[in-house]
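This report concerns only the one structure given below.
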Amino acid sequence: MMASFSVNAQELTWHTDVNKASDLAIKEKKSLMLFFTGSDWCGWCMRLQKEVFVTPEFAKWAKENVVLVELDFPKRKVLAPELQKQNAELEQMFGVRGYPTTWLVKPSKQNTKVAFERLGSVPYIPGGPLAWQAEASRVIGKK
């Protein structure tokens, strides 16, 4: 299952299945960007989406550098049980204590199990997409 939206003719795909997203990231030699969000109740999550993730600058950066994964913890929307389980396991694995939380990781496959090398976490940063991207690029080792 994936969600996508257009940003000034830039189509961004947000994956919800971390295994499929990991396979794609490994194939394309990109990092994963894990976005832990409360999509229908978290004000800071909505602000990060509006100020950064739905901008043309972010769309260009994301297409070049990462595979996007949304890990949602909604209050009103009901997720499939397997998605709830996956998101809860990843929330625990990464020690998420609040939303939004964004982790940049490098996935690898060990047999059929996905492992993640933690590159770093990027919080909400005031200043729009360029300020956020500068920090995210530093974390993944790109200029």
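Residue 132 in numbering that gives the first Met the number 0 sits at position 133 of the sequence shown, and the numbers go up by one each step.
Ideal Cβ placement from N, Cα and C applies to all residues, glycine included.
For Ala79 and Val121, the rounded distance between their alpha carbons: 28 Å
Express the C-alpha separation of Cys41 and Phe72 in angstroms, rounding to a whole number. 9 Å
Within a Cβ cutoff of 6 Å, which residues of the same chain sit near Arg117, ignoring the five residues on either side of it in sequence? Val104
Cβ-based neighbour list, Pro99, same chain, cut-off 7 Å, excluding 5 preceding and 5 following: Phe34, Phe35, Thr36, Cys41, Trp43, Cys44, Leu47 and Tyr123
Does DSSP put Ala79 in a helix, in a strand, or in coil? coil
Under the assumption that Ser30 contacts Asn64 (Cβ atoms under 8 Å), give the Cβ distance between them as a whole number of angstroms. 7 Å
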